[in-house]
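Here the first sequence is numbered in the working numbering, starting from -8 and rising by one per residue.
Glycine residues also receive a C-beta, built at the ideal position from the N, C-alpha and C atoms.
A short worksheet on the structure shown next.
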Amino acid sequence: MTLSLYNTLNRRSEPFAPLEAGKVKMYCCGITVYDYCHLGHARTCLSWDVVRRYLQWSGYAVNYIQNFTDIDDKILNRARQENSSMAEVADKYIDAYHEDMAALHIQPADEYPRATHCLDGIQKLITDLEQKGFAYASQGDVYYSVRKFEGYGKLSGRKLEDMQAGASGRVETDPEADIKQDPCDFALWKGAKEGEPSWRSPWGEGRPGWHIECSAMVRDRLGETIDIHVGGSDLIFPHHENEIAQSEAATGQPLAQYWMHNGMVKVEGEKMSKSLGNFITIRDLLKTYDPMAVRLFILQAHYTKPLDFTDEALQAATKGWETLNEALLFGEELPTQDISADAGILQKFRDIVDKDLNFSGGLAIVFELAKELKKEKNILVHEGKLTQNPQILATVWLTLKELADVLGFVASEKAAVADDEFSLTAEEIEDILRQRKEARANKDYAEGDRLRDVLVEAGITIMDRPSGKTEWYRE
RNA sequence: GGUGGCAUGGCCAAGCGGUAAGGCAGAGGUCUGCAAAACCUCCAUCCCCAGUUCAAAUCUGGGUGCCACCUCCA
């Protein structure tokens, strides 16, 4: 079995073979930094994080580049609102981005190029396109002439004619309509407007268009052709289509061998959008849910399919994560010297996941391992013994640990909660439990149950062990 | 109008020609004075219709219903 990947370019799954043996050049279209990251970004970043980990686990050295778009109208608008500058707004949300990604345990990219730091490469690319006849200047702007590029539409499967026919009204109301030769042409460079940041260029003061930065960055950091180009499926058209047009017209080489796109996120059945008011940021989400539960939730569905964030689903994922977490923690008590993971099971996992990154299928194996460990742990806690040889369990654990690492799961101890956050202190609880024990010894169950209810109301759960000991914990 | 995708148990979701993974929830049982926790067991023939095949959730044709994209988008 070899890895196969669904390639948007050809609309089918294809065996993966990198350009250079053992190495993968990967580029992910990042974010425009004008606000906090939301669920959609979480899904995109998390999906490709795991793909990257899986490629690494499969023996590839992955060079992973992700950009920040830090020149954009939305950033300028935000700067006006906040009485700030474009650079300040960008810096603020880039910092926030790194915080959010760290919280989700996403590996940092090898590099995060920013549009404002790539002006030379951008201008060079535009110049190349101009010289080759794919670009034209018009009233201070520079546009890409889509009809000059033969393969235009090959990624998104569109024809220029089809797009014009009944397209949305935006084409007609396009303010640039009369300065473009064709309504489908897009800006490579925009002439400066009063009061906006701008850069010097052969076409006068101005700033780059949206699509050109990615073409320039890929060329600068990774070369003319890369292995895998990823991003949200909403970027297929026009963003990635335009990237292809720009890069391939300039270099004459394919921009990427494999184009991969993750599905969109919905919230309670509706598309997430600011106008619907169901726009949820990562930081808000993580106030309620464990980042690992979010990771599990996202990995439970295939990366290409739409994913609906509902409280019910997140709660289910939280429970599932608790099982995984317990199993991962339990293993740390097992003897692992001279023991290694079960190669057969690892291979089984690989066989499943190799088919277009079927992580949800692979999770079935992870859970089989986790449940076995969790069960043993509980038997140990409740009965004080193991039913299996610790060495066998250590093998199970090492296997689980390896797969959990591939998927980016990190176990965490339940956070200790300070006494003063609760109405009852540990001492008071122990005291009530002593009274309850006495009442039960006297067969005064009504009083025993009353005391238990007192604790339950204070958020304390108690467990009477067969040994006669009573354990408790706070909800 | 154009292009693409999806439809599997109460919910989420794998499977892509060989007789339905996994998670969550639920039911019964063991244990317990009762609980809690834990452990054991159980729980679907895959939107509809018609084909192809020894064999179809998986292929073909036709329906129905959702969804996304068509220059703001991860």
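**Item:** Bridge partners - Y135, DSSP secondary structure assignment
**Value:** A126 and F177
**Request:** Under 8 angstroms by Cβ, that's how I've got L267 and A318 pegged, so tell me the actual separation to the nearest angstrom.
**Result:** L267 to A318, Cβ: 39 angstroms. No contact.
**Asked** For E102, which three-state DSSP category applies?
**Response** strand
**Request:** Could you tell me the distance, in whole angstroms, from the CA atom of R465 to the CA atom of A8?
**Result:** 52 angstroms
**Request:** With DSSP collapsed to three states, give me the class of S(-5).
**Result:** strand
**Prompt:** How about Q338: is its Cβ closer than 8 angstroms to a heavy atom in the ligand ADP?
**Reply:** Questions concerning the ligand ADP fall outside what the structure shown contains, since it holds no ligand whatsoever.
**Request:** Return the residue from the list I356, D329, V15 and F321 that minimises the CA-CA distance to I336.
**Result:** Of the listed residues, the one whose Cα sits closest to I336 is I356.
**Item:** Close-in-space but distant-in-sequence residues of the same chain around K296 (CB under 7 angstroms, 5 per side omitted)
**Value:** G254
**Item:** Y249: first and last residue of the uninterrupted beta strand (DSSP E) it sits in
**Value:** In the DSSP annotation of this structure, the continuous segment of the beta strand (DSSP E) that includes Y249 starts and ends at A247 to N253.
**Request:** Report yes if the C-beta distance between A126 and S136 is below 9 angstroms; otherwise report no.
**Result:** yes
**Item:** Limits of the unbroken alpha helix (DSSP H) element including E393
**Value:** E393 -> alpha helix (DSSP H) spans P381 to L398.
**Message:** If you reduce the DSSP assignment to three classes, tell me which class A156 lands in.
**Reply:** Residue confidence for A156 is low, a pLDDT of 47 falling below 50, so the modelled location carries little weight and cannot support an answer.
**Request:** Spatial neighbours of L120 within its chain, please: CB distance less than 8 angstroms, with the 5 preceding and 5 following residues excluded, ordered by chain position.
**Result:** A126, Y135, L179, Q237, A240 and A241.
**Asked** Assuming F288 contacts P229 under a Cβ cut-off of 8 angstroms, what Cβ separation, rounded to an integer in Å, is found between them?
**Response** With a contact defined as Cβ atoms closer than 8 angstroms, F288 and P229 miss out at about 30 angstroms.
**Message:** Output needed for A332: all residues of its chain with C-beta closer than 8 angstroms, excluding positions within five of it in sequence on either side, in chain order.
**Reply:** Close CB contacts of A332 within its chain, under the 8 angstroms cut and outside five residues either way in sequence, are with T386, L389, T390, K392 and E393 (chain order).
**Asked** Just checking, does the segment 245 to 253 make contact with the segment 274 to 285 on the three C-beta pairs under 8 angstroms criterion?
**Response** no
**Prompt:** Rounded to whole angstroms, how far is the Cβ of I227 from the Cβ of Y18, which I believe are closer than 8 angstroms?
**Reply:** Wrong, their Cβ atoms sit about 15 angstroms apart, outside the cutoff.
**Asked** According to DSSP, which residues form a beta bridge with I219?
**Response** M17 and Y249
**Asked** What's the C-alpha gap between N380 and K366?
**Response** Taken atom to atom, the span from the alpha-carbon of N380 to that of K366 is near 14 angstroms.
**Own chain residues within Cβ distance below 7 angstroms of E73, not counting five before or after** = V80
**Request:** Could you spell out the range, first to last residue, of the beta strand (DSSP E) harbouring F288?
**Result:** Secondary structure note for F288: it is in no beta strand (DSSP E), and the uninterrupted alpha helix (DSSP H) holding it is P282 to L290.
**Message:** Between the alpha carbons of G50 and D153, how many angstroms are there, rounded?
**Reply:** Cα-Cα distance, rounded: 43 angstroms.
**Asked** Can you tell which of V401, T(-7) and E419 has the C-alpha that lies nearest to the C-alpha of D281?
**Response** V401
**Request:** Would you check if the distance between the CB atom of L95 and the CB atom of V258 is smaller than 9 angstroms?
**Result:** no
**Message:** I'd like to know if the segment 343 to 353 and the segment 305 to 312 are in contact, where contact means that at least 3 CB-CB pairs between them fall below 8 angstroms.
**Reply:** no
**Extent of the continuous beta strand (DSSP E) run through Q57** = A52 to T60
**Prompt:** Can you list the alpha helix (DSSP H) stretches of 4 or more residues lying completely in the segment 61 to 91, in chain order?
**Reply:** Listed in chain order, the alpha helix (DSSP H) runs fully inside the segment 61 to 91 are 64 to 72, counting runs of at least 4 residues.
**Asked** V447: buried (16+ other C-beta within 10 angstroms of its C-beta) or exposed?
**Response** Taking all protein chains in view, the Cβ of V447 is surrounded by fewer than 16 other Cβ atoms within 10 Å, so the residue is classified as exposed.
**Limits of the unbroken alpha helix (DSSP H) element including E234** = E232 to T242
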